[in-house]
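Comments concern the structure below.
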Amino acid sequence: MWDKGKKNQQSNQKCGTTLISTSTSIHGDISFEGTMHIEGRIKGNVSADDGLFTLTRSGRIEGDLCAPRIKLNGNIKGNIYCSNHLELSANAVITGNVFYNIIEISKGAEINGSLEHQGTELSKPRTLLGAPTDDNVLIQQHADDAKA
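In structure tokens:
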């Protein structure tokens, strides 16, 4: 039981930590392994098959978030998919739906959307798995029109 936490901690150390500082703004989707610590802004989807995602009080995300372990203390406009443990601190503000296995909510956290318990077999959103998005469909449609 106690070794499980050490294994996760060791695997995160092997992959390293990614830090997005307060003065950094990213436009686009991000996929990571290990630990990601966000103090800045992201406009796009964030996903990890294994890892810990942390959003600080100054952090902002516009897009979906999918990770096994998530700690939020900032603002996110998008859906959250957490297959293991989701922790919402006092300054967390979520505008979107939350799909979780285990959730911990501190006094003061806000959720403007629905909560849905999914268990450990949480299904990831299709757009985070590379399924066609509206932009991809439009590009393909234009390519098909050009062939005709």
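Heads up: the sequence shown begins at -18 in our numbering, then just goes up one per residue.
All C-beta atoms in this analysis are idealised placements derived from N, C-alpha and C, irrespective of residue type, glycine included.
Rounded straight-line distance, which links the Cα of E20 to that of S6: As a working note, residue 6 is residue 25 in the sequence shown. As a working note, residue 20 is residue 39 in the sequence shown. Each residue's alpha carbon lies about 10 Å from the other.
Endpoints, the beta strand (DSSP E) within which R22 is located: Position 41 of the sequence shown, counted from the start, is the residue given in the question as residue 22. Element bounds for R22: 22 to 24.
Distance, S28 Cα to N12 Cα: For the purposes of this step, residue 12 is taken as the residue at position 31 of the sequence shown. For the purposes of this step, residue 28 is taken as the residue at position 47 of the sequence shown. The sequence shown places Ser at residue 12, not Asn. About 5 Å.
Distance between A73 and G89 (C-alpha atoms, nearest Å): For the purposes of this step, residue 89 is identified with residue 108 of the sequence shown, where counting begins at 1. For the purposes of this step, residue 73 is identified with residue 92 of the sequence shown, where counting begins at 1. Approximately 8 Å, taken between the alpha carbons.
Environment of L0 [buried if 16+ CB atoms lie within 10 Å]: Position 19 of the sequence shown, counting from 1, holds the residue named residue 0. Exposed.
Rounded separation between L96 and H66 - CA only: Working through the sequence shown from its first residue, we reach residue 96 at position 115. Working through the sequence shown from its first residue, we reach residue 66 at position 85. Computed Cα separation, rounded: 14 Å.
Exposed unless 16 or more other CB atoms sit within 10 angstroms - verdict on R38: Sequence index remark: in the sequence shown, residue 38 carries index 57 (1-based). Exposed, since its Cβ has fewer than 16 Cβ neighbours within 10 Å.
Residue of T35, G15, E14 minimising C-alpha distance to S2: Looking up residue 2 in the sequence shown gives position 21. The shortest Cα separation from S2 among T35, G15, E14 belongs to T35.
Beta-carbon spacing of E68, I84 below 9 Å: Here residue 68 refers to the residue found at position 87 of the sequence shown. Here residue 84 refers to the residue found at position 103 of the sequence shown. For E68 and I84, yes; Cβs fall inside 9 Å.
Per DSSP, cross-strand counterpart(s) of K88: Within the sequence shown, the letter at position 107 stands for residue 88. DSSP output for K88 lists no bridge partner at all.
Bridge-paired residues (DSSP) for E68: As a first step, residue 68 is located in the sequence shown; it is residue number 87 there, counting from the start. DSSP, once it has assigned bridges, lists K52, E85 as partnering E68.
Closest residue to D10 among G32, G40, C47, C(-4) (Cα-Cα distance): For this step, residue 10 is matched to residue 29 along the sequence shown. Looking at the Cα atoms, C47 is the closest of the given residues.
N78 beta carbon less than 9 Å from that of I51: Here residue 51 is taken as the residue at index 70 of the sequence shown, counted from 1. Here residue 78 is taken as the residue at index 97 of the sequence shown, counted from 1. Against a cut-off of 9 Å, the Cβ pair of N78 and I51 comes out as no contact.
Cut-off 7 Å between Cβ atoms - residues of its own chain near S64, not counting five sequence neighbours on either side: Position 83 of the sequence shown, counted from the first residue, corresponds to residue 64. Hits under 7 Å: P49, N82, T101, L103.
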